[in-house]
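Numbering (the numbering used here), first residue to last: 65 to 243. We put the beta carbon where it would ideally sit given N, CA and C, even for glycine. No experiment lies behind these values; they were computed from the predicted model shown. Have a look at the structure below before the remarks.
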């Protein structure tokens, strides 16, 4: 599993984070399985947002399938590949129905792929994206070696963060900053 080039950037739309990676290896089912395990591990990757009486409501699904799309791109020239990458990268997200994480793998040749990861910023920032990619690598390597990946339980969750923020907003320090 060799990563030759990885680019992180804020997408053309203000709500997306994108990762584009060149991969050099044979395609394996373990890649999709590793992304699925991440969706199972992190509730925020199974979360959608809707409005109820004019207020946002967060819904965390008990389970969800990872959006993993594999596209055979071996006949694409550079221009067509770029067009397809742009199309997938800028496909709109639906906060109400999800998914808010999309993994698209373009196969150029048997051992050459381009991975596009599009994630809505409401469920991720660059720091959490880095953690996600590190965990993906650990899970993927474990699956390849037929071993259970060595990942500790997350020390906190997004829900913990929300509770902390709500408590902080009700506190004296937040009140002082509002004045």
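Could you tell me if residue i is buried or exposed, where buried requires 16 or more neighbouring beta carbons within 10 angstroms of its beta carbon?
i: residue 195; result: exposed
i: residue 190; result: exposed
i: residue 163; result: buried
i: residue 70; result: Below a pLDDT of 50, predicted positions are generally treated as unreliable, and residue 70, at 40, falls in that range; no measurement from the model is reported.
i: residue 126; result: exposed
i: residue 188; result: buried
Below 7 Å CB to CB, which residues in the same chain sit around residue i once its five sequence neighbours on both sides are set aside?
i: residue 132; result: 96, 99, 167
Pull up the DSSP beta-bridge partners for residue i, would you.
i: residue 131; result: 166
i: residue 136; result: 171
i: residue 111; result: 124
CB-CB under 8 Å to residue i, same chain, minus the five flanking residues each way: which ones, in chain order?
i: residue 102; result: 109, 130, 196, 199, 200, 203
i: residue 128; result: 103, 109, 110, 162, 163
i: residue 215; result: 105, 199, 202, 203
Pick helix, strand or coil for residue i, following the three-state DSSP scheme.
i: residue 181; result: strand
i: residue 229; result: helix
i: residue 176; result: strand
i: residue 116; result: strand
i: residue 202; result: helix
i: residue 241; result: helix
i: residue 234; result: coil
i: residue 98; result: helix
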